[in-house]
Amino acid sequence: MRNRMQIVAWVYVLPAFILLGAFLVYPVLRTIYWSFFGRHSESFVGLDNYQYLLTQQDVLIVFRNNLLWLVVFTGVTVGLGLILAVLTNLVRYEAIAKAVIFVPMAISFTAAAVIWRFMYIWNPASFKQTGVLNAVITSFGAEPVAWITNTSVNNYALIVAGIWMWTGFSLVVISAGLKGISSEILEAARVDGANEFQIFRHILLPMLKPVLVVVTVTLVINSLKVFDLVYVMTFGNFDTDVIANRMFKEMFQFGQFGRASAIAVILLVAIVPFMLFNIRRFLAAR
Amino acid sequence: MKRGPYPAGPEGESRGDLQDEAFEDEEVRDEKEGSPEYPFGPPPAEEEGTGARLARAVGRGPLHAVIIGISILWMIPALGLLVSSFRERQAITRTGWWRAFTTPTEFTIQNYQDVLTGQGMGTAFINSVIITVPATILTVMVAALAAYAFAWMPLPGRNWWFLLVVALMVVPIQLTLIPVLRLFADLGLTGTYWGIWLAHAAYGLPLGVFLLRNFFVALPKDLLESAFLEGASHTTAFFRIVLPLSVPSLAALGIFQFLWVWNDLLIALVYLGGTRDVAPMTVVISNLVSSFGTEWHLLTAAAFVSVILPLAIFFALQRYFVQGLLAGAVKG
Amino acid sequence: MARVFYENVYKRWKETVAVKDFTLEIADKEFLVLVGPSGSGKSTALRLLAGLDSISDGKIYIGDRVINDVAPKDRDIAMVFQTYALYPHMSVHDNVGFGLRLRKMPKDQIHEKVVQAAQVLGIEPLLDRKPGQLSGGQRQRVALARAIVREPEVFLLDEPLSNLDAKLRVQTRAEISKLHQRLGTTFIYVTHDQVEAMTMATQIAVMNFGVIQQVGTPQFLYDHPTNIFVAGFIGSPSMNFFEVTVTGDADQVRLVDDNGLSLPVPAEKRRALESYRDKKIVFGIRPEDIHDPNFVPPETEVAPFDAEVEVTELMGNEVFLHLAHGETKFLARVDPRTVAKQGIKMELMVSMDNMHVFDFESEQRIFTPEEEGKVELDRSVEEEPAEEQVARRQSEVPQDQADQD
Numbered sequence: 000m001r002n003r004m005q006i007v008a009w010v011y012v013l014p015a016f017i018l019l020g021a022f023l024v025y026p027v028l029r030t031i032y033w034s035f036f037g038r039h040s041e042s043f044v045g046l047d048n049y050q051y052l053l054t055q056q057d058v059l060i061v062f063r064n065n066l067l068w069l070v071v072f073t074g075v076t077v078g079l080g081l082i083l084a085v086l087t088n089l090v091r092y093e094a095i096a097k098a099v100i101f102v103p104m105a106i107s108f109t110a111a112a113v114i115w116r117f118m119y120i121w122n123p124a125s126f127k128q129t130g131v132l133n134a135v136i137t138s139f140g141a142e143p144v145a146w147i148t149n150t151s152v153n154n155y156a157l158i159v160a161g162i163w164m165w166t167g168f169s170l171v172v173i174s175a176g177l178k179g180i181s182s183e184i185l186e187a188a189r190v191d192g193a194n195e196f197q198i199f200r201h202i203l204l205p206m207l208k209p210v211l212v213v214v215t216v217t218l219v220i221n222s223l224k225v226f227d228l229v230y231v232m233t234f235g236n237f238d239t240d241v242i243a244n245r246m247f248k249e250m251f252q253f254g255q256f257g258r259a260s261a262i263a264v265i266l267l268v269a270i271v272p273f274m275l276f277n278i279r280r281f282l283a284a285r
Numbered sequence: 000m001k002r003g004p005y006p007a008g009p010e011g012e013s014r015g016d017l018q019d020e021a022f023e024d025e026e027v028r029d030e031k032e033g034s035p036e037y038p039f040g041p042p043p044a045e046e047e048g049t050g051a052r053l054a055r056a057v058g059r060g061p062l063h064a065v066i067i068g069i070s071i072l073w074m075i076p077a078l079g080l081l082v083s084s085f086r087e088r089q090a091i092t093r094t095g096w097w098r099a100f101t102t103p104t105e106f107t108i109q110n111y112q113d114v115l116t117g118q119g120m121g122t123a124f125i126n127s128v129i130i131t132v133p134a135t136i137l138t139v140m141v142a143a144l145a146a147y148a149f150a151w152m153p154l155p156g157r158n159w160w161f162l163l164v165v166a167l168m169v170v171p172i173q174l175t176l177i178p179v180l181r182l183f184a185d186l187g188l189t190g191t192y193w194g195i196w197l198a199h200a201a202y203g204l205p206l207g208v209f210l211l212r213n214f215f216v217a218l219p220k221d222l223l224e225s226a227f228l229e230g231a232s233h234t235t236a237f238f239r240i241v242l243p244l245s246v247p248s249l250a251a252l253g254i255f256q257f258l259w260v261w262n263d264l265l266i267a268l269v270y271l272g273g274t275r276d277v278a279p280m281t282v283v284i285s286n287l288v289s290s291f292g293t294e295w296h297l298l299t300a301a302a303f304v305s306v307i308l309p310l311a312i313f314f315a316l317q318r319y320f321v322q323g324l325l326a327g328a329v330k331g
Numbered sequence: 000m001a002r003v004f005y006e007n008v009y010k011r012w013k014e015t016v017a018v019k020d021f022t023l024e025i026a027d028k029e030f031l032v033l034v035g036p037s038g039s040g041k042s043t044a045l046r047l048l049a050g051l052d053s054i055s056d057g058k059i060y061i062g063d064r065v066i067n068d069v070a071p072k073d074r075d076i077a078m079v080f081q082t083y084a085l086y087p088h089m090s091v092h093d094n095v096g097f098g099l100r101l102r103k104m105p106k107d108q109i110h111e112k113v114v115q116a117a118q119v120l121g122i123e124p125l126l127d128r129k130p131g132q133l134s135g136g137q138r139q140r141v142a143l144a145r146a147i148v149r150e151p152e153v154f155l156l157d158e159p160l161s162n163l164d165a166k167l168r169v170q171t172r173a174e175i176s177k178l179h180q181r182l183g184t185t186f187i188y189v190t191h192d193q194v195e196a197m198t199m200a201t202q203i204a205v206m207n208f209g210v211i212q213q214v215g216t217p218q219f220l221y222d223h224p225t226n227i228f229v230a231g232f233i234g235s236p237s238m239n240f241f242e243v244t245v246t247g248d249a250d251q252v253r254l255v256d257d258n259g260l261s262l263p264v265p266a267e268k269r270r271a272l273e274s275y276r277d278k279k280i281v282f283g284i285r286p287e288d289i290h291d292p293n294f295v296p297p298e299t300e301v302a303p304f305d306a307e308v309e310v311t312e313l314m315g316n317e318v319f320l321h322l323a324h325g326e327t328k329f330l331a332r333v334d335p336r337t338v339a340k341q342g343i344k345m346e347l348m349v350s351m352d353n354m355h356v357f358d359f360e361s362e363q364r365i366f367t368p369e370e371e372g373k374v375e376l377d378r379s380v381e382e383e384p385a386e387e388q389v390a391r392r393q394s395e396v397p398q399d400q401a402d403q404d
């Protein structure tokens, strides 16, 4: 009887296992394998692909960009989400404010890219500015900036678009964590003599740590995987390339399957520590 | 009074009333000046509730200014898109969209017409639907079956299998593109809907299984045990008891997956290729950007067409979407 | 001087009044228990004193100063919350010392005080642990330690025992009383459990619907409840009530009803009922004042009363009889040697000298002239120093109350 049930159980998980095996497990192994091969995966080239990638100037810029995303995107999104969570908690129209900030999560990165390209339009200085950002800064007397093509600012411009999209996530998750803190503890702190800022620093922040960690890890992983936004806004040009884009280029533009695999593996290596962290956290929770 | 889908803590409901109280008290207290310690107003002893006290410390005026200010800032990008999509080509290139309100004669729906027929957004919309709906259904079905097995069936080593499946959540899709592409080529699935349905289902499984299994496990054990006692098989239990009871989490997963697939670009690009007749809206828009980069009248309209459905779903079903999000992020 | 004075205090929420015309004077070193059912406003009254909610009307004094607008941290109070409200991410040591740390006390001084407080409550070995690793009783002590380390003028306790299991509750009750004796500070304690009130308080204030019903020592409230609510609330199992009519003439006043009840009123109570002749009143009698006719205690004036026994509960040291008189159900606590059994009709003896009578409409107590005198008497009892009161009552605590939570 038990054996029969076991068989039925296997039947239930079979579709999932087949799909996962075919689309996730097997490909990962294959990709790692092919990263040691040449452009059409015929000849074994050892570590050549990796060497190429880790020494090429433009590839190094790619890594730098992802690092920029990791630090700036994650940092600002978490920080902003935290501040907003604390602040919206205090007003009557909390739900509406949160909804407004959260809405961008529903739209595609593609649409977001269009929206922000539109925001960043650059017209020559003597013309009227039609992009919001340039209109604002020119009204203060500054010169219009080519946000998309100017290499000293364009990465940040893209990151801002990312922040716009993901702060809602950060806000909602942190807000949920915040509401889980019993108000009696805050009252006890007040009776103990803490003012509001001391409460924030000594009580709220430490108690929010687990939530902040979850949000941060999620955002870090997303910053490493970012593709759509960059693809549509700049196609990776003007030094804004990121790992995922570069891989796409290697695959479809340059036809270098070996290198593309290698870069994917590098991405995996970057993500593995966070994967392990997530798993460990999950095990601890069980 | 329920306040939207965002979870309220135990004090969530009463706090709303307390806030109103605090608002009333404010008028009375305007005459009192602040002490050095509380520059923005009287000391916290006079306010109710956890929130209002902190609000006092921060200062009511700045508080509202910041929140409302940020909210407005947040809406500007999307607003710009919406307004511009109704403006004529000339108007967009000449002046900023905020000027559009002074010359109402500029508004037109020509852009939408162009984009839907001429640029293929209409077809793309349908393609998006064709891609997304089956993919979502497939994901939910397969995930539910597996989740049930992990939750209630005697599968050897089921917790380890579950862990493995969930761990796959973090694998970047890029890592799988080339082998799958080659697999598709061998099987003749490139550029077909079946290929992309299966792909999306597979990629959505880790999160889906995670979400559903956690929900299934939390169902009352007695319910299922009494069913088994009465002779129900697992299949019966699954379809007659577990699924009906799990509608909220199924909905959460469904909506989450729907939006994810609808908004996806990468997988559509890679597995479907760029051919116009099967491309979903995301692909079409990205093509438009690369070929008509400055034809904003088209781009804005196209972008807006692509977001109507997600926005509608979002507003109608916020609750479930947020639930799905929270489950994935916070649980475990 | 740590006396506390509520002067006509009101607390209004949007549509309800949580605390109405609350006037109460609490002497220094008093152990005052605010008791009442859920929603009676007792916790609110406490929170008003703590400064966690604002006062709508009226004033509250601590010592001589009005503290309406003073921040909680400046009121020189400490509070123990129902859920203990310990900071989960800090060790026990840091939890207890948090308030001192905020006051920028030097570290070694903080440590010294924390250890001292920990010793008083017997939690020294737990100082390095986190709240999550402690049992409910241990957490409670940490909450208490956190309060005493501040050496406040007034201690506020909000239902601190309600999350403990019955046995621990009894133990901790005694420890809190001992703590009060040791510290000699004013304690204000909120609970819904009248047993806690009776066993720990030097003064009890009974509340219902935001209004103080009666204030007095435990014994006084037990003997002379001023209305039906207090009469039914204090004492467990609670007082039995019967609707009766007053009949008779100058020599013989009786309480009668349609079901054959006919009880003679003792001489000293007759005058009070004069104005109620032929009127309906409420007659109250405690279960412990109803006896098996074979085991009537001496020196009490008894009268017979017929009823049917529905259920008997053997408590070991006594027997609870669940009785029916017509439609009315009531309870008697009788000697364990009784032979009463389920289903029989029997005659019981009621101690009429402990009878209580209440006006039918107003539910207020009908006082005898002597009782009015007794109220004066009780005032003087209030002035008895709290420590002596506590010591006196330690010897009076009825043993069986512990089991009746």
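So the protein lines, in turn, are chains A, B and C. Going by numbering that gives the first Met the number 0, the residue at position 143 of the first sequence is 142; the numbering climbs one at a time, nothing skipped. Going by numbering that gives the first Met the number 0, the residue at position 146 of the second sequence is 145; the numbering climbs one at a time, nothing skipped. Going by numbering that gives the first Met the number 0, the residue at position 204 of the third sequence is 203; the numbering climbs one at a time, nothing skipped. Backbone N, C-alpha and C fix where the C-beta goes; we use that ideal spot for every residue, glycine too. No experiment lies behind these values; they were computed from the predicted model shown.
Whole-Å CB distance - residue i paired with residue j, under 8 Å assumed
| i | j | result |
| --- | --- | --- |
| C/S39 | C/N207 | 5 Å |
| B/T94 | A/K127 | 6 Å |
| C/V169 | C/V205 | In fact, because the Cβ distance is near 22 Å, the residues do not count as touching under 8 Å. |
| B/A148 | B/R157 | 7 Å |
Option in the options with minimal Cα separation from residue i
| i | options | result |
| --- | --- | --- |
| A/I147 | A/A134, A/S174, A/I262, A/G235 | A/G235 |
| B/G60 | A/N153, A/I82, A/L89 | A/L89 |
| A/E93 | B/V65, B/G194, B/A198 | B/V65 |
| B/R98 | A/V131, A/W68, A/L23 | A/V131 |
| C/T337 | C/N316, C/D352, C/N353 | C/N316 |
| B/T189 | B/Y270, B/G58, B/V82 | B/Y270 |
Proximity of residue i and residue j at Cβ, strictly below 8 Å
| i | j | result |
| --- | --- | --- |
| A/D227 | A/V61 | no |
| C/A144 | C/A173 | no |
| B/V283 | B/A300 | no |
| A/L83 | B/I69 | yes |
| C/F241 | C/T299 | no |
| C/Y86 | C/S55 | no |
| A/Y51 | A/R245 | no |
| A/S222 | A/N65 | yes |
| B/L186 | A/Y230 | no |
| A/A243 | A/V268 | no |
Extent of the continuous alpha helix (DSSP H) run through residue i
| i | result |
| --- | --- |
| C/S350 | Note, C/S350: premise wrong, no alpha helix (DSSP H); beta strand (DSSP E) at 344-350. |
| A/G74 | 73-87 |
| C/T198 | 193-199 |
| B/Y192 | 192-216 |
First through last residue of the beta strand (DSSP E) which encompasses residue i
| i | result |
| --- | --- |
| B/V246 | Segment 246-261 is the alpha helix (DSSP H) holding B/V246; no beta strand (DSSP E) there. |
| B/I172 | No beta strand (DSSP E) contains B/I172, which DSSP labels as neither H nor E. |
Cβ contact check for the stretch 135-148 of chain B and the stretch 249-264 of chain B: 3 or more pairs under 8 Å: yes
The stretch 167-174 of chain A contacting the stretch 94-105 of chain A, beta-carbon criterion three pairs below 8 Å: The stretch 167-174 of chain A, when compared against the stretch 94-105 of chain A, does touch it at the 8 Å Cβ threshold.
Three-pair Cβ contact test at 8 Å for the stretch 101-109 of chain C versus the stretch 122-135 of chain C: no
Validate contact between the stretch 234-244 of chain B and the stretch 193-212 of chain B using beta carbons, cut 8 Å, 3 pairs: no
At least three beta-carbon pairs within less than 8 Å, the stretch 169-178 of chain B to the stretch 23-33 of chain A: Yes, since at least three Cβ pairs between the stretch 169-178 of chain B and the stretch 23-33 of chain A fall closer than 8 Å, the two stretches touch.
Given 8 Å, three or more beta-carbon pairs between the stretch 265-275 of chain C and the stretch 285-292 of chain C: no
Cβ pair count under 8 Å reaching 3, the stretch 195-208 of chain A against the stretch 153-161 of chain A: Between the stretch 195-208 of chain A and the stretch 153-161 of chain A, the count of Cβ pairs shorter than 8 Å is below three; the stretches do not touch.
Three or more C-beta pairs below 8 Å linking the stretch 179-186 of chain C and the stretch 142-162 of chain C: yes
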